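Scroll down for the structure; my scribbles are underneath it.
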Amino acid sequence: MQSRFNHRLPSTLLPILAFALATALAAQKPDNIVLILADDLGYGDLSSYGASAYTTPNIDRLAEEGRRFLDAHSPHPVCTPTRYGLMTGRYSWRTWAGTANVWSDDPLLIEEGRYTLPMLLGAAGYRTGIVGKWHLGYGRPGAESWSEGGVDYNGKIAPGPLEVGFDYYFGIPHVGQQPHVLIENHRVVGLAGSSPLKLHRDTRWIGRTSYLERFGFPPRHHFTGGEGALYDHRELALKLTEKAVAWIRDHADEPFFLYFAHRNTHGPIIPNARFRGASGIGPYGDFVLELDWSVGQVLDALDDLGLTENTLVLFSSDNGAVHRELPGHRVNGPLRGQKTEAYEGGQRVPLLARWPRQIEPGSVSGSLVALTDMLATFADLLETELPDGAGPDSFSFLESLLDREQGLPARASLVHNGYRGGFGIRVRAWKLLMFQGGGGRNVGGGGWNPFDYDRQIPYGQLYNLAEDIGEQRNLYADEPERVRRMMGLLRTIRNADGSR
């Protein structure tokens, strides 16, 4: 007698069952993890997120072969605070830097004893490396190579990335600020004793207009010297990509975690000659395509080494893009605002994740997640309990990442803030800002700081993002009870002990 189970399954079910079987058989930690963080890349800058003026095929591979998050956020709308949150699972406004960036002469922002993402992964058996932009300061008062002017770039640059958990570091202190040098582990690359770097405090804004146009902030100091060690902005992305690929190849035979902190698309917008004109919309579009090429080099290296199948690759941006008028292209897509602002355009970012054995190809998640959540999510994935005091503002999104039951709580709210100060909070679809404007730049009618405001309009802002993703309809005056509840939650989070 023929079994009733002995008939052929519909061909449309085979890929689904194959993926389900592979997932069930491979419930394990990834052999390798690659986290690529773009700099100032907007929510609308990738073709997988709606860009149509050009295509980003390499980055789009991650969306096609993995998962695309639609409601992912940087914890802050500028560089340093996001990078601190990514490394520590803690809001940067709990630190001495507040909501601002650190400078070349500022000490290491990550506190001594603070548990970090590379510490977690190093303890789990991964070799840990960072290639690219650090922007979290170096040294401490009283430490070796520290002087009145900050860390001495001519000597041993420490503490820095190696002291917070990385095994290897090759990168840049920041983008835009001087000194424009590459650092490998504890030393500036190519620095000659005959041309030491010397810090000069700027009492006036030298070249004020051109500097602001290029970098978006006034200079606080400048460096002289460093002849032979200064990099060319036009070559920087290529050099960092080459180093990232080489590091992967050097560690292909052991579990590794690579944090590739890219320099694109932060100003100055100077793409390499090979990418000029590639986008058809100007240098910024060309710069995005340079970034796309770079990601493609990393993915190709994983393919060539046979590492793709069990490597988790994550791609995101540290904040939204600076607003630019470009033909047929909106850098932040349908979102209002830009970098430095608490509007969605400043903090909602692309997030893509690919792990062929675990993540369903072409899938999409609408879960609320933040880059601060990487620490808790990886601890959940590795079934590791975080130490007391670690990651107080980090929540696991393992279930949204892998469709796997998670052991740590998911994110229920997200604190927002602007670069110039002012706070807000997101709860489900509702977003409250307790100031006018975006809180990052002078936009008229308030917004330069939380104390400037227009008495003719509501002091605060309340938006229902499910119905108004562009944040155009302020419901602050219409929902006083909701405002009161959300203000109470914001106050509770801000007053909580952030040392956990």
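Convert by adding 22 to the 1-based position in the sequence shown; the result is the number in our numbering.
Backbone N, C-alpha and C fix where the C-beta goes; we use that ideal spot for every residue, glycine too.
Computed from a predicted model, the values in this text were never measured in an experiment.
State buried or exposed for residue i, treating a residue as buried only when at least 16 other CB atoms are found within 10 Å of its CB.
i    : result
N439 : buried
Q494 : exposed
R230 : Legend: pLDDT at R230 = 42, less than 50; position of this residue unreliable, value from coordinates given subsequently. So R230 ends up on the exposed side.
Q478 : exposed
H288 : buried
H222 : exposed
N123 : buried
D395 : buried
N18  : The structure shown has nothing for residue 18, since the chain only spans 23 to 522.
D254 : exposed
E405 : exposed
A94  : buried
A488 : exposed
Q200 : buried
T514 : exposed
P409 : exposed
Q483 : buried
P349 : exposed
Q458 : buried
E363 : buried
V197 : buried
D326 : exposed
T150 : buried
What is the DSSP secondary structure of residue i, reduced to helix, strand or coil?
i    : result
I270 : helix
R209 : strand
G172 : strand
V203 : strand
V353 : coil
L404 : coil
R370 : strand
H95  : strand
T138 : coil
T399 : helix
R379 : coil
V100 : coil
A165 : coil
S339 : strand
R506 : helix
A323 : helix
T150 : strand
Y233 : A caution first: Y233 carries a pLDDT of 42, below 50, which makes its placement in the model too unreliable to give a value.
A180 : coil
A528 : Because residue 528 is not part of the residues shown, which for the chain are 23 to 522, the question remains open.
L131 : coil
P313 : The amino acid occupying residue 313 in the given sequence is Leu; Pro does not appear at that position. Correct three-state label for L313: helix.
L348 : strand
A300 : coil
G359 : coil
A518 : coil
Which residues share a DSSP beta bridge with residue i?
i    : result
N54  : F278 and T333
T246 : K220
I194 : K155
A122 : DSSP lists no partner for A122.
S418 : DSSP, once it has assigned bridges, lists no residue as partnering S418.
L252 : V203
V391 : A94
V386 : R90
L59  : A283 and S338
Given residue i, which residues of its chain have a CB within under 7 Å of its CB, disregarding the five upstream and five downstream residues?
i    : result
R506 : none
G147 : P277
A323 : V267, I270 and R271
V173 : Y160, G161, S167 and I179
D67  : A73, V310, A343 and V353
Y306 : T287, I291, R346 and L348
G171 : D127 and L221
A274 : L327 and L329
Enumerate in chain order the residues of its own chain whose CB-to-CB distance from residue i is below 6 Å, with the five nearest sequence positions on each side excluded.
i    : result
R256 : I292 and N294
T246 : K220
V211 : L204
A392 : H95, P97 and L436
H208 : K178, I179 and A180
G359 : Y365, G367, G368 and G460
A283 : L59, G154 and K155
Can you name, in chain order, every residue of its own chain whose Cβ lies under 8 Å from the Cβ of residue i, other than the five neighbours on each side?
i   : result
Y71 : Y65, R90, G355 and P372
H9  : Any question about residue 9 goes unanswered here, given that the chain covers just 23 to 522.
For the ligand FAD, any of its heavy atoms closer than 8 Å to the Cβ of residue i?
i    : result
L108 : This structure lacks the ligand FAD, and indeed carries no ligand of any kind.
Worksheet item: At which residue ranges does the segment 427-499 contain complete alpha helix (DSSP H) runs of 4 or more residues, listed in the order of the chain?
Response: none
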